[in-house]
Each structure stands twice: as C-alpha cells, then as structure tokens.
Amino acid sequence: MCRGISLIWPALLLTAVAPVFSAESLRILTWEEYFDPQLIEQFEQQHDTSVEFIYYEYDDIRDRIMAETAGFGMDIILVDDLEMPAYASQGWLAPLQADRLFYLQGHGTLWSQLVDKAEQYAVPYSWGTYGIAYRTDLVQSPPQTWAELFNPTDEMSGFIQMPPQSSELLAIASMAFDYSLDTASQQQINELALHLVNQKPHVIAYKALDVEDSLLEQGKAKVAVSYNSDVVLLQDHTDNIEFISPTDATLMWIDFLTISSKTQNLALAHDFLNFFLKPEHVAQNMEYHYSASFSDTANAMLPDEIRLNGAVFPAAASAIKLVPAPTTAVIRSQMRLFNALDLE
C-alpha cells in the first residue's frame with residue numbers, strides 16, 4: 001500500500017541508530033504529490049512490495065533530515081541538482097549499477113553533463129525552470145525580465161510573491177543585475193543582498209506557490225516567482241494565470257532519484273529507478289506532476305495540451321543556468337538574508 005507519513009524528528013533519529021524496516025518495502029524521501037499513485041500501485045504489485053513516502057516541504061528541510069540521519073531508514077532520496085553532488089561527497093548515496101538501469105539510455109546525456117557526479121550516483125526524474133506567474137486580469141503590463149521585479153510598476157508594487165529560500169532569492173537577484181554567483185566578489189554579493197532588502201516593501205510574501213492556499217488565486221499577489229510545474233497545477237484551478245520565462249535569463253532545475261548508501265534493498269531500489277525511467281511510465285507520471293523529462297520518447301507520448309504548454313516546456317531564454325553551488329561568501333549572505341527578510 002502506498003502511504004505518506006509526516007516527519008517526526010525523534011523517531012527519525014532513532015531510525016538512524018537502529019533501522020528496523022522491512023527489507024520487502026521501500027521508503028522514499030520526496031516532495032509530496034510527486035509520483036502518480038497508479039504507477040506506485042503498479043510497481044508494488046509487480047514486485048510484491050510496499051512503498052512508503054517521507055515528505056519534505058522545502059529543500060532545507062530535506063538537507064536537515066539527511067544531516068541528522070545520513071540516509072539511515074531511507075532507500076530512495078529525491079534530491080535537486082544543487083545538493084546531489086554534496087550528498088554523494090558526504091557518502092550518503094550509493095553508486096548506481098548501470099547494468100540494472102536499462103531505460104536510462106533513453107534519457108540522453110545533458111543532465112549528466114550539467115551536474116557533477118550525476119552519472120555515477122543519480123538518474124534524472126524531472127526538470128523545469130523558474131519563472132514568473134501573473135494574474136492576467138490584474139496585471140496589464142506583466143514583467144518580462146527579473147529586473148522588473150526589483151523596480152516594479154505601481155500595479156505590481158506590494159503584490160509580488162517571492163520564494164522563501166535565500167539561495168533562490170540570491171540567484172534571482174544575480175540574474176536581474178547580471179552577476180554570476182560562482183564568480184561574484186563579496187562586494188557584489190553584498191550588493192545583491194541589498195537589492196533584495198530594498199525590494200522587501202514591494203513583496204507581499206516570501207512563500208512557495210501553493211495550490212491549496214494560493215495568494216495568486218486569491219488576488220493577494222498579482223505576480224509570483226515559481227517553478228513552472230507548480231504554475232501548471234494552479235492553472236487547473238484558475239483560468240486567469242499565465243507563466244513567463246524571463247527574457248534576460250532563467251534558472252533550470254533538475255530533480256534526481258538517488259539510492260541511499262544505507263539501504264538494505266539495493267536491488268529493489270534499482271528496480272524502482274528503472275521502473276520510473278521507462279518511457280510509458282515517464283509520460284504517465286508527467287501527466288500527474290506536470291514536470292518535463294529528458295526522454296524524447298516519453299515527451300512524444302504526451303497529449304498536446306501538455307506537450308505544447310509553454311509552462312511545462314518553457315521557451316528558451318537567452319541564458320539558461322543551474323543555481324551554482326554556494327561559495328562561502330554566498331552562504332554568509334544567505335544567513336544574513338534569512339534574518340533581514342524574516343524568512344521561515
């Protein structure tokens with residue numbers, strides 16, 4: 001049976017000391033509502049097993065879980081492109097056995113070229129971009145660049161929703177002011193942080209786009225920085241929301257499936273990864289979570305309303321980049337921003 005559980009810290013810490021989970025089940029650390037339940041049920045039936053989910057709400061929470069447990073009590077870990085190399089370096093991930101991942105060959109090589117250690121420790125699950133969602137009935141002149149969020153028009157001022165994570169905020173500011181975070185000096189990073197502090201009066205909330213309690217849908221926010229896939233989910237509820245890929249630059253994100261180095265179910269974990277790499281399963285899963293895949297075969301199977309949707313497959317910007325691994329200077333600024341912007 002597929003089931004999700006809330007994370008209870010003391011119980012999880014006990015897990016790290018003495019894991020007692022059945023070798024016939026898989027425990028997966030992931031975002032909520034990111035796997036098609038029908039596919040999970042199919043996998044369970046095919047392999048005579050059960051799948052249990054542990055959900056995290058933000059990347060920072062996932063990182064805290066991994067720091068506390070080192071992966072004990074988990075089999076599969078869904079992790080983004082920014083932290084995956086660090087997880088591998090910490091010894092939290094098991095090297096993958098390529099001969100058990102037959103369907104990986106249909107996903108190209110771009111993902112492994114972009115992210116260090118990906119070829120040895122991860123398989124691509126989905127990808128997308130950050131962009132700007134807006135209410136078509138409330139904004140006559142929607143922003144086309146990141147810079148416009150820092151010098152907003154009167155109709156946008158006070159109604160901008162920004163993400164809650166300082167790493168993403170600095171990355172957005174770097175694109176708005178044409179800095180590179182991986183080469184920026186301390187002075188330049190301080191300038192980016194100051195731009196974000198100066199932007200605060202124009203911001204209604206530092207909050208992820210939430211389908212269940214959407215400031216954008218309620219009209220409390222008129223524009224919101226968001227993952228493209230979250231916007232597609234919200235469009236199912238609201239007709240007057242559009243998504244823009246900023247023309248100056250945009251950030252690409254990649255989510256990976258990895259195997260915990262502490263798993264007691266190495267063969268079954270590989271079977272799970274291979275199952276979700278199969279083109280038919282990738283296409284079905286994409287219709288559930290609306291994130292893009294690296295499988296051309298799977299993409300061709302999609303209905304036109306997804307395959308031709310610019311929010312699922314955003315138009316190419318002049319520059320697409322990944323969030324770089326933070327330097328010491330960036331980490332210091334992130335900590336200061338956490339307090340200055342009252343981030344949760």
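Under full-length UniProt numbering, think of the first position of the sequence shown as 1, with each following residue one higher. C-beta atoms are modelled at their ideal positions from N, C-alpha and C, and glycine is treated no differently.
In the DSSP annotation of this structure, the continuous segment of the beta strand (DSSP E) that includes M162 starts and ends at 160-162. Beyond the five residues adjoining it in sequence on each side, D271 comes within less than 7 Å, by CB distance, of H47 in the same chain, given in chain order. Sequence-distant partners of L192 (beyond 5 residues in either direction) whose C-beta falls short of 7 Å from its own C-beta, in its chain, are L170, A173, S174, F177, Y179. Remark: C-beta atoms of F294 and W111 approach each other more closely than 7 Å.
DSSP links R135 through a beta bridge to I241. The count of Cβ pairs closer than 8 Å, one atom from the region 287-303 and one from the region 50-62, stays below three, leaving the stretches out of contact. For D36, there is no enclosing alpha helix (DSSP H), since its DSSP letter is neither H nor E.
DSSP places Y227 in the uninterrupted beta strand (DSSP E) bounded by 223-227.
Taking 7 Å as the cut-off, the Cβ atoms of I259 and A269 count as close. For T109, there is no enclosing beta strand (DSSP E), as DSSP gives it neither H nor E.
The criterion of a C-beta distance shorter than 7 Å is satisfied by S214 and L234.
Between the C-alpha atoms of A205 and Q161 there is a straight-line separation of about 5 Å. In the displayed model, Y288 falls within a helix according to three-state DSSP.
Residues of the same chain with a CB within less than 7 Å of the CB of R100, apart from the 5 flanking positions on each side, are H270, N274 in chain order. About 13 Å separates the beta carbon of L216 from that of A311, a gap too long to meet the 8 Å contact definition.
The C-alpha of A70 is placed about 6 Å away from the C-alpha of W92. Within the same chain, Cβ atoms closer than 6 Å to the Cβ of A298 are found at P279, V282, A283, the five residues on either side in sequence being excluded. If the five residues before and after T153 are omitted, its C-beta is found closer than 8 Å to the C-beta atoms of S141, all from its own chain and listed in chain order. Taking the CA atoms as reference points, I28 sits about 15 Å from V123. Distances from the CA of I61 to each of S126, G108, I40, E83 were compared; the closest alpha carbon is that of E83.
Residue nearest to K222 within the set V211, I241, N228, G106 is I241 (criterion: CA-CA distance). Residue environment: D81 is assigned as buried (16 or more neighbouring CB atoms within 10 Å of its CB, all protein chains considered). For the set P201, Y34, S25, Q144, the Cα lying nearest the Cα of F256 is the one of Y34.
The DSSP-derived three-state label of V312 is coil. Of the candidates L78, Q90, P85, the residue whose Cα lies closest to the Cα of E68 is Q90. Annotated as distal: F150 and Q218, with beta-carbon spacing of 7 Å or more.
V282 carries a helical assignment under DSSP once its states are collapsed to helix, strand and coil. By the C-beta density criterion, A300 is exposed, having fewer than 16 other C-beta atoms within 10 angstroms.
When rounded, the separation of the alpha-carbon atoms in G158 and P201 is 6 Å.
Here the C-alpha atom of H237 lies approximately 43 Å from the C-alpha atom of Q186.
A Cβ-Cβ contact shorter than 7 Å links Y227 with G128. In this structure, the alpha-carbon of Y87 lies about 17 Å from that of W31.
Within the DSSP bridge table, the entry for V51 names L26 as partners.
DSSP places L78 in the strand class (E or B) of the three-state scheme. Restricting attention to M74, F243, L104, W146, the CA atom closest to the CA of S126 is found in L104.
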